[in-house]
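Take the sequence shown: its letters are residues 9 to 234, numbered as in my numbering.
We put the beta carbon where it would ideally sit given N, CA and C, even for glycine.
Note that the structure is predicted; figures quoted are calculated from it, not measured.
Since the structure comes first, as C-alpha cells, the remarks are kept for the end.
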Amino acid sequence: MGDHRSSPIIRMFHVHKNYGIQKSLVDITLDIYRNEFIIVTGPSGAGKSTLLKLLYLGEPVTQGQVIVDGINLTRISRRRIPHLRRNFGIIFQDYKLIPTKTVFSNVALVLEAMGEKRRLIQKKVHSVLRTVEMEHKQEALPPSLSGGEQQRVAVARAIAGSPRIILADEPTGSLDPDSAGNIMTLLKGVHQKGATVILATHDRMLIENAGGRIIHLVQGQMSENA
Ligand SMILES: Nc1ncnc2c1ncn2[C@@H]1O[C@H](COP(=O)(O)OP(=O)(O)OP(=O)(O)O)[C@@H](O)[C@H]1O
Ligand SMILES: [Mg+2]
Numbered sequence: 009m010g011d012h013r014s015s016p017i018i019r020m021f022h023v024h025k026n027y028g029i030q031k032s033l034v035d036i037t038l039d040i041y042r043n044e045f046i047i048v049t050g051p052s053g054a055g056k057s058t059l060l061k062l063l064y065l066g067e068p069v070t071q072g073q074v075i076v077d078g079i080n081l082t083r084i085s086r087r088r089i090p091h092l093r094r095n096f097g098i099i100f101q102d103y104k105l106i107p108t109k110t111v112f113s114n115v116a117l118v119l120e121a122m123g124e125k126r127r128l129i130q131k132k133v134h135s136v137l138r139t140v141e142m143e144h145k146q147e148a149l150p151p152s153l154s155g156g157e158q159q160r161v162a163v164a165r166a167i168a169g170s171p172r173i174i175l176a177d178e179p180t181g182s183l184d185p186d187s188a189g190n191i192m193t194l195l196k197g198v199h200q201k202g203a204t205v206i207l208a209t210h211d212r213m214l215i216e217n218a219g220g221r222i223i224h225l226v227q228g229q230m231s232e233n234a
C-alpha cells in the first residue's frame, strides 16, 4: 500500500505558505525519501521552521499539496490528525519540556498518549533515557537541568515512540560545541536505525559534518546542492 522503500515518505508539491501578506514559503516542490538525512538551512527568517511546521500540521498550508506517508494534509479529516502526528518525533530549539513534570514523566507522556501499557512505558523510557545518558536524572525537574541536558531529554522524548520521521528545529541552537556534537551523534544514531531525519539549522559546523542532503531556503525560496 504505497509502502515501497523507493516511494517518498514526504512530498511537497508547489507549496506556498503566507502569514497574512508575509510570503514565508514560495513554491516549494520537494520529495523526501525514507531514511534520508535532510538539512534545511538558510538565514534567519528564511522559512525553515515554517517548512517543518507544515509537515505535522503545526500550521496549515496556504496553497499546494503536502503528502505525508500517503496522507494528503490539505484533505485530512480532524479525526486523523493524531494518526498523522504519530509519524513524527519533534525536537524544538527551546526544548518545550513540561517544567512541573519529572524527566521520566516528560518522556512517558508520549507513550501514554499512544495508549501503551505501563510496563512497556517503563521499559521504553528507561531505554531512551539510557541512550541519551540521562537515566540518572529521571526524577529531576527540567528547570534544574542544563540546556544540553534538557535537549537530551527532548531527544529522548522525540525518539521514545519510535517515530518514522524526526523533525529537529535548531536542536543545538543554544548549546556549546560539545553538547551540540552529542545531539548530532544521537540524531545520526536514530537515522542509522532507519528514521528519516529533517534538521533545520544555520550552524555551519553541523552542516559540514552531517553529510546529509542540503536544502537551502532564502526568503522562502528553495534551492538544493547535490
Ligand atoms: N506565526 C507567524 N505569523 C506571522 N509571520 C510569521 C509567523 N511565523 C513565521 N513568520 C514569518 O515567516 C518568515 C519565516 O519564519 P521562520 O520562523 O520559518 O524562519 P526561520 O528560517 O525558521 O528563521 P530562524 O532561523 O530565525 O529560526 C519570517 O519572516 C517570519 O517573520
Ligand atoms: Mg526557525
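Would you decide whether glycine 228 is buried or exposed? Buried here means 16 or more other CB atoms lie within 10 Å of its CB.
-> Burial call: buried.
Across which residues does DSSP place lysine 31 in a beta bridge pair?
-> In the DSSP secondary-structure assignment, lysine 31 is bridged to Asn26.
Enumerate in chain order the residues of its own chain whose CB-to-CB distance from leucine 105 is below 7 Å, with the five nearest sequence positions on each side excluded.
-> Here leucine 105 has Asn114, Pro150, Gln158, Val161 and Ala162 as same chain residues with Cβ atoms under 7 Å from its own Cβ, once five neighbours each way along the sequence are excluded.
List the endpoints of the continuous beta strand (DSSP E) containing alanine 121.
-> Taken as a continuous stretch (DSSP letters only), alanine 121 belongs to no beta strand (DSSP E), being part of the alpha helix (DSSP H) at 111 to 121.
Buried or exposed: glycine 78, going by 16 or more other Cβ atoms within 10 Å of its Cβ?
-> exposed
Assign leucine 225 to buried or exposed, taking buried as 16 or more other Cβ atoms, counted over all protein chains shown, within 10 Å of its Cβ.
-> Buried, since its Cβ has 16 or more Cβ neighbours within 10 Å.
Could you give the uninterrupted runs of the alpha helix (DSSP H) lying entirely in the region 45 to 132, keeping only those of 4 residues or more?
-> 56 to 63, 89 to 93 and 111 to 121
I think leucine 195 touches glycine 155, with their Cβ atoms under 8 Å apart; what is that distance to the nearest whole Å?
-> The pair is not a contact, with the Cβ atoms about 17 Å apart (cut-off 8 Å).
At what residues does the alpha helix (DSSP H) containing serine 187 begin and finish?
-> 185 to 200
Contacts around arginine 221, its chain only, beta-carbon distance under 8 Å, and the 5 residues preceding and following it disregarded = Hits under 8 Å: Glu44, Phe45, Ile46, Ile47 and Glu232.
Span of the alpha helix (DSSP H) around arginine 160 | 155 to 168
If you pair each beta-carbon of the region 25 to 33 with each one of the region 53 to 68, do three or more pairs fall below 8 Å?
-> yes
Quick one: what does DSSP say valine 140 is sitting in, helix, strand or coil?
-> coil
Excluding the 5 residues preceding and the 5 following glycine 72 in the sequence, name in chain order all residues of the same chain whose CB lies nearer than 6 Å to its CB.
-> These residues qualify, in order along the chain: Phe21, His22, Val23 and His24.
When burial is assigned at 16 or more other CB atoms within 10 Å of the CB, is alanine 164 buried or exposed?
-> Residue environment for alanine 164: buried (at least 16 other C-beta atoms within 10 angstroms of its C-beta).
Round the Cβ separation of histidine 210 and glycine 50 to the nearest angstrom and send it over; I've been treating them as touching at under 8 Å.
-> 7 Å
Would you mind sorting threonine 193 into buried or exposed? The rule is 16 or more other CB atoms within 10 Å of its CB.
-> exposed
Three-state secondary structure (DSSP) at arginine 19?
-> Collapsing the DSSP output to three states places arginine 19 in a strand.
May I have the straight-line CA-CA distance separating valine 74 from valine 136, to the nearest angstrom?
-> 31 Å
Closest by C-alpha distance to serine 15, when choosing among Leu38, Tyr27 and Gly28 = Leu38
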